[in-house]
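S.K.:
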Amino acid sequence: MIKFWNECSRYGHVINVGIQNTLAYRMNFMFRAVFTLIPLLANILLWKTIFSDKAEGDMVGTYNLSQMVSYYLLILIVNSMTAVNEDDWQIAADIRNGVISQFLLKPMDYLTFRFSLFLANRLIYILVATIPVGLFLLWQRHYWTTPVSMEALMLSILSLCLTGLLQFLISFTMALLAFWVLEVATFIFILYAFEYIAGGHLFPLDLLPTWLETLLYWTPFPYLLSFPVLIYLGRVEGQAMWEGIIVQTVWLVIAFLTARFVWNRGIRSYTAVGG
C-alpha cells in the first residue's frame, strides 16, 4: 500500500510539473481553441445550406438540422477533452534525442509518465478553451440537445474516459515507431486521417451504408471520437450501447498490451545499439 501511494505521489508530481509547463503556453492553447472553431463553423454552415433546400422537417439520413448541429457541437467537446496534443511528436523526439535513456535508470514507467503529462495537457487545454468554446456553444445554444436519459449521460461520460485512454495509447504506440524509423510524421498523419474520417469527425458514421458502418464499429476508430456522442444523443441504445462499451474496452486492452509490447521491443532494440 505504501508503494502504491509513493507511485501516486510520484506521478502526481509529474502532473503538477506538466501543468506548470503547459501554463507557459496557455495563449497558444487559446488560439488553437479559437482556430478549432473555424472548421466546425464551416461544417455547420454547410449543413445549414444543405437543409435550406429541403422542406421543414426533412432529414438527411436520420438527422434533422438541429440534431446535425448538436452532433458537431458534441464532437467539438469530446475532441477538446480527449485529443492528443503533440504528445506523439514529443515521444518520438524523446526517442530520437536519447531522452528515454534516463527512464532506463529511474524507477519511473515511461508510459505512465507520458500519460501523466497528457492529463496535465488536457486539463489546461480544457480550462483555457472554456471561454472561446463556451461562447461558441452559447451562440449556438438553440441547437443544444440534452441527454436522452441519465443512463445515457453516465455511459457517455464513461465512454468519453475510455476514448481519452484509447486516443493516448494508440498515439503512444504510433510514436514508438521512432525506435526503428527516423521520421514518424507519415504514420502519424495517416492515423490522423483515419481518425478524422472513420472516427466520425467529418460526418456522422450512420450516414454511411449499413454494411460499412457495421464494419467500422469493429475497428477502434469510432471509439476514438464519435461513440460517446452517439450514446449521449440516444442514437446507440440498449444492447447496442452495452456491446459498444464492451468493444471499446476490448480495444483499450488491446491498445495497452500493444503499447507495452512495442515499448519492450523498442527498448531492446534501443539498448542493443547502445542507446
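Read in this note's numbering, the sequence shown has 1189 at position 247, and its numbers run on one by one without any break.
The C-beta atom is built at its ideal place from N, Cα and C for all residues, glycine as well.
Predicted, not measured: the structure shown is a model, and the values here were computed from it.
What is the rounded straight-line gap between the Cα of I1099 and the Cα of F1055?
M.R.: 24 Å
S.K.: Is the CB-CB distance between A984 and V1075 below 7 Å?
M.R.: no
S.K.: Can you say whether Q1044 is buried or exposed, counting buried as having 16 or more other CB atoms within 10 angstroms of its CB?
M.R.: exposed
S.K.: I need the straight-line Cα distance from G1186 to P1162, nearest angstrom please.
M.R.: 11 Å
S.K.: When we look at the beta-carbon of N1021 and count the other beta-carbons within 10 Å, is it buried (16 or more) or exposed?
M.R.: By the neighbour-count definition (other C-beta atoms within 10 Å, threshold 16), N1021 is a buried residue.
S.K.: Is T1200 near N1063, with beta carbons less than 7 Å apart?
M.R.: no
S.K.: Using 8 Å for Cβ pairs, my map puts Y1174 next to L1016. What's the rounded Cβ distance?
M.R.: Confirmed, about 6 Å.
S.K.: Take V1171 as the anchor and find which of M1096, F1110 and V1195 has the nearest alpha-carbon.
M.R.: M1096
S.K.: What is the DSSP secondary structure of Y967, reduced to helix, strand or coil?
M.R.: coil
S.K.: Touching or not, the region 1139 to 1152 and the region 1110 to 1128, by the rule of three or more beta carbon pairs under 8 Å?
M.R.: no
S.K.: Taking the C-alpha atoms as reference points, what is the distance between L1218 and S951?
M.R.: Because the chain spans 943 through 1217 in this model, residue 1218 falls outside it and cannot be assessed.
S.K.: Please classify Y1165: does DSSP put it in a helix, a strand, or coil?
M.R.: helix
S.K.: Between Y953, G1003 and W1193, which lies nearest to G1106 when the distance is taken from Cα to Cα?
M.R.: W1193
S.K.: Consult DSSP for Y1005 and reduce its assignment to one of helix, strand or coil.
M.R.: strand
S.K.: Which term fits M969, buried or exposed, when burial requires 16 or more other beta carbons within 10 angstroms of its beta carbon?
M.R.: exposed
S.K.: Taking Q1109 and A1025 to be in contact with their CB atoms under 8 Å, please state how far apart those CB atoms are, rounded to whole angstroms.
M.R.: About 7 Å; that satisfies the 8 Å criterion.
S.K.: Scan the region 1104 to 1142 and note each continuous alpha helix (DSSP H) run of 4 residues or more that stays entirely inside, going in chain order.
M.R.: Correct list: 1127 to 1140.
S.K.: If I'm right that L1059 touches G960 with Cβ under 8 Å, what's the distance once you round it to whole angstroms?
M.R.: Going by Cβ atoms, the distance from L1059 to G960 rounds to 4 Å, so yes, they are a contact pair.
S.K.: With H, G and I counted as helix, E and B as strand and the rest as coil, what does DSSP make of P981?
M.R.: helix
S.K.: Distance check for T1087 and Y1165, CA to CA, integer angstroms please.
M.R.: 21 Å
S.K.: Which term fits A1135, buried or exposed, when burial requires 16 or more other beta carbons within 10 angstroms of its beta carbon?
M.R.: exposed
S.K.: Measure the CB-CB distance between D1148 and E1155 and report whether it falls below 7 Å.
M.R.: yes
S.K.: Could you tell me whether any Cβ in chain C is nearer than 7 Å to the Cβ of R1202?
M.R.: This model lacks chain C altogether; it includes just one protein chain.
S.K.: Assuming S1101 and F1169 form a contact by the criterion Cβ under 8 Å, report the distance between their Cβ atoms to the nearest whole angstrom.
M.R.: 6 Å
S.K.: Measure the CB-CB distance between A1197 and V1126 and report whether it falls below 7 Å.
M.R.: no
S.K.: Taking the alpha carbon of V1090 as the point to measure from, which residue in L1046, E1179, L988 and W989 has its own alpha carbon closest?
M.R.: E1179
S.K.: Are V1011 and I986 close, meaning C-beta to C-beta below 7 Å?
M.R.: yes
S.K.: Do the CB positions of Y1013 and L982 come within less than 7 Å of each other?
M.R.: no
S.K.: Buried or exposed, going by whether 16 or more other CB atoms sit within 10 Å of the CB of D1000?
M.R.: exposed
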